[in-house]
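The number in my numbering is simply the position in the sequence shown, starting from 1, with 136 added.
Don't be surprised by glycine CBs; every beta carbon is placed ideally from N, CA and C.
Report on the following structure.
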Amino acid sequence: MTESGTWAYRVHVTRKQIVETAYTALAIKVADSRPQFREVVFGSRIDTELAPAELPEAARELLSEAVAQETYTETAPISDAFDTVLEALGLGAVDTAANGKLLWYDEEFYRYGLYINPPSS
Numbered sequence: 137m138t139e140s141g142t143w144a145y146r147v148h149v150t151r152k153q154i155v156e157t158a159y160t161a162l163a164i165k166v167a168d169s170r171p172q173f174r175e176v177v178f179g180s181r182i183d184t185e186l187a188p189a190e191l192p193e194a195a196r197e198l199l200s201e202a203v204a205q206e207t208y209t210e211t212a213p214i215s216d217a218f219d220t221v222l223e224a225l226g227l228g229a230v231d232t233a234a235n236g237k238l239l240w241y242d243e244e245f246y247r248y249g250l251y252i253n254p255p256s257s
């Protein structure tokens, strides 16, 4: 308190710099029409585009079975149909695993992969 009976205040000012997270959204036009947009998406994301007519009947049936069951397994030696499907999907040279691939087949979108389990010793 001061002699006059009022309270004396002392002010202390400090300046500090803070860093805040900035969030930025960005949109870039990539096409002028739906067909152009499809081309952009397919060109950048889809790993394989297949039509049923591109596969021999046995390979087409095998792929349909894999789609229906969500999995397909064969042991060595693999069938010609399975080998054809693997080649068509770009998996013919895979040694152990490939995952997260995207397929456009028969006007439908699928995610696919291949896992090779060597025999245990």
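DSSP, read as helix, strand or coil, puts residue 244 in strand. Taking the C-beta atoms as reference points, residue 191 is found no nearer than 8 Å to residue 218.
Nearest in C-alpha terms to residue 215, of all of 195, 230, 224, is 195. Following the DSSP letters along the chain, one finds residue 186 inside the beta strand (DSSP E) bounded by residues 184-186.
According to the DSSP assignment, residue 220 belongs to the alpha helix (DSSP H) that extends over 216-224. Our two residues, residue 209 and residue 156, have alpha carbons roughly 52 Å apart in a direct line.
Around the beta carbon of residue 162, fewer than 16 other beta carbons lie within 10 angstroms, which makes this residue exposed.
According to the DSSP assignment, residue 200 belongs to the alpha helix (DSSP H) that extends over 193-205.
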